[in-house]
Amino acid sequence: MSRDLADVKRIVLKVGTNLLSCKDGIDETRIDSIVEQIACLMKKNYQVLLVSSGAIGMGAKELHLKGPVKQVAMRQACASIGQPLLMSSYRRAFKKHGLVCSQILLTRKDLNNRLTYVNLRNSVFTLLDLGVVPVFNENDVVSTAEIGSAFGDNDRMSAMVASKIDADLLIILTDITGLYTADPKKDTNAQLLSEIELLDEKILAYAGGAGSTYSTGGMKTKLLAAKIAAVAGCATIIASGYEENALPRLLESEALGTYIHPTKRLSQRERWILNNSHQGSIEVDDGAKQALLSKKSLLPKGVVRVHGVFSEGDVIQVCSTDGKPFAKAVPYLNSTDIASVAGHSSKDIQRILGTGYKDMIFRPEDLVLLDDVE
Numbered sequence: 237m238s239r240d241l242a243d244v245k246r247i248v249l250k251v252g253t254n255l256l257s258c259k260d261g262i263d264e265t266r267i268d269s270i271v272e273q274i275a276c277l278m279k280k281n282y283q284v285l286l287v288s289s290g291a292i293g294m295g296a297k298e299l300h301l302k303g304p305v306k307q308v309a310m311r312q313a314c315a316s317i318g319q320p321l322l323m324s325s326y327r328r329a330f331k332k333h334g335l336v337c338s339q340i341l342l343t344r345k346d347l348n349n350r351l352t353y354v355n356l357r358n359s360v361f362t363l364l365d366l367g368v369v370p371v372f373n374e375n376d377v378v379s380t381a382e383i384g385s386a387f388g389d390n391d392r393m394s395a396m397v398a399s400k401i402d403a404d405l406l407i408i409l410t411d412i413t414g415l416y417t418a419d420p421k422k423d424t425n426a427q428l429l430s431e432i433e434l435l436d437e438k439i440l441a442y443a444g445g446a447g448s449t450y451s452t453g454g455m456k457t458k459l460l461a462a463k464i465a466a467v468a469g470c471a472t473i474i475a476s477g478y479e480e481n482a483l484p485r486l487l488e489s490e491a492l493g494t495y496i497h498p499t500k501r502l503s504q505r506e507r508w509i510l511n512n513s514h515q516g517s518i519e520v521d522d523g524a525k526q527a528l529l530s531k532k533s534l535l536p537k538g539v540v541r542v543h544g545v546f547s548e549g550d551v552i553q554v555c556s557t558d559g560k561p562f563a564k565a566v567p568y569l570n571s572t573d574i575a576s577v578a579g580h581s582s583k584d585i586q587r588i589l590g591t592g593y594k595d596m597i598f599r600p601e602d603l604v605l606l607d608d609v610e
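Note that the sequence shown covers residues 237 to 610 in our numbering.
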């Protein structure tokens, strides 16, 4: 296979902390270069959305902090200080090219909630129609892993944004030239992988550990991000931002960095179900599992037990009786009601719960099989 970028229109560009940082704080020259390349793409009628790290690093430099910022409260404080500085730099750079940028701060909950997800899409599409460059960053001031609102890193966030706004290409610019078979600094036989068709365990094993002082991502997080994008039918390129005019060259199909092919195209609803955090789970018997694998509805008779508390319309995991998840779904009933009708026939639903209820737990269109997206 080869890099086929002829049909690419909408691009999500992720720029990492390491690429933007210098000893004095933010590398304004690097920002100018990246923005100039974005402007070049927009003149060619590409739509570009930017996911930019750097706020925590800028805030830390402003406070003259040395070493990694690990404490959650301090990272949030640094983000609060650094985010307006980062946006000021981007505004200045885009203005040189007659372009306007906007700021969008996200938590994972913003994408998990169906209403805010739809509102986000509408807002982003309006901005793109206006020729504005949306600049995304995680809302570090309010998002924490402890309350389940954090993405974990901007690589993952960029992939989820790409998935949810129907991007054709995710470009992750970093300080390394792509994925190698080994650490090129230690192994002279290390080879750059120019293209990857399938992100399997062997490929993931090539990735190293975490990032540097202020960043949270390493090569493995970038590959996992590419896997999220691939499921949504979005290709990914991991390349060095130090390459001169990297973006225009990449869009001309020059073989820079590592290109990861997309796997399949999911519907907008399927992508939302897949990328949403599950609120609970249900176990189903073997007969129900086979029916679901054949893309049939789940009837209450096949439900064995319910785990957790969830509402009608939440995303849940669907597991076999050994507890292993094989699907995600959106049920018509909450956890209490499903537990009440579990093991009963469909005709018993209204007798047990009352009138106005459907005769199944969920339909095939409310189901995503995990095997379909691996």
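For each residue, glycine too, the CB sits at the ideal point set by N, CA and C.
{"Check": "Nonlocal neighbours in the same chain, by C-beta distance under 6 Å from S513, ignoring five residues either side", "Outcome": "N348"}
{"Check": "Neighbourhood of V377 by C-beta distance below 6 Å, restricted to the same chain and skipping five residues each side", "Outcome": "Q312, A315, S316"}
{"Check": "Rounded straight-line distance, which links the Cα of C258 to that of K306", "Outcome": "20 Å"}
{"Check": "Closest Cα partner of E612 within the set K421, R392, L428, L460", "Outcome": "Nothing can be reported for residue 612, as the shown portion of the chain is limited to 237 through 610."}
{"Check": "The stretch 397-413 in contact with the stretch 454-474 per 3-pair CB rule at 8 Å", "Outcome": "yes"}
{"Check": "Touching by the beta-carbon criterion (3+ pairs, under 8 Å), the stretch 532-549 and the stretch 565-584", "Outcome": "yes"}
{"Check": "Alpha carbon of E548 to alpha carbon of V360, nearest angstrom", "Outcome": "28 Å"}
{"Check": "Whole-angstrom distance between A275 and A471, CA atom to CA atom", "Outcome": "21 Å"}
{"Check": "Residue of S238, F330, L256, L603 minimising C-alpha distance to V271", "Outcome": "F330"}
{"Check": "Every unbroken beta strand (DSSP E) within the stretch 346-422, with a cutoff of 3 residues, ordered by chain", "Outcome": "369-374, 405-410"}
{"Check": "For K594 and Y568, believed in contact at Cβ under 8 Å, the rounded distance", "Outcome": "5 Å"}
{"Check": "Backbone secondary structure at R246 - three-state DSSP", "Outcome": "strand"}
{"Check": "Counted within 10 angstroms of its Cβ, other Cβ atoms place G293 as buried (16 or more) or exposed", "Outcome": "buried"}
{"Check": "DSSP three-state assignment for R541, whether helix, strand or coil", "Outcome": "strand"}
{"Check": "Integer-rounded CB distance, given that Y442 should sit under 8 Å from Y416", "Outcome": "7 Å"}
{"Check": "Beta carbon proximity, E548 to chain E, threshold 8 Å", "Outcome": "Going by chain labels, chain E is absent from the structure shown, which holds only one protein chain."}
{"Check": "Nonlocal neighbours in the same chain, by C-beta distance under 8 Å from I383, ignoring five residues either side", "Outcome": "Confidence at I383 is low in this model, with a pLDDT of 38, below 50, so its placement is unreliable and no value can be given for it."}
{"Check": "Best match in H497, L510, S517, R392 for proximity to P561 [C-alpha to C-alpha]", "Outcome": "S517"}
{"Check": "S325, buried or exposed, once every other Cβ within 10 Å from all chains shown has been counted against 16", "Outcome": "buried"}
{"Check": "Per DSSP, the bridge partner or partners of F598", "Outcome": "L534"}
{"Check": "Buried/exposed call for Q427, threshold 16 Cβ in 10 Å", "Outcome": "exposed"}
{"Check": "Residues that I474 bridges to, as DSSP identifies them", "Outcome": "I408, T494"}
{"Check": "Boundaries (first-last residue) of the alpha helix (DSSP H) holding K564", "Outcome": "Not the alpha helix (DSSP H): K564 falls in the beta strand (DSSP E), residues 561-565."}
{"Check": "Which listed residue (I262, V248, Q319, L356) has its alpha carbon closest to that of L284", "Outcome": "Note on identity: in this sequence residue 284 is Val, with Leu being the wrong assignment. The option with the nearest alpha carbon to V284 is V248."}
{"Check": "Pairwise C-alpha distance: S556 and H543", "Outcome": "13 Å"}
{"Check": "Buried versus exposed call for P370 [16 or more other C-beta atoms within 10 Å across all chains shown]", "Outcome": "buried"}
{"Check": "I496 vs L405 beta-carbon contact at 8 Å", "Outcome": "no"}
{"Check": "Euclidean distance between Cα positions of L299 and S476", "Outcome": "29 Å"}
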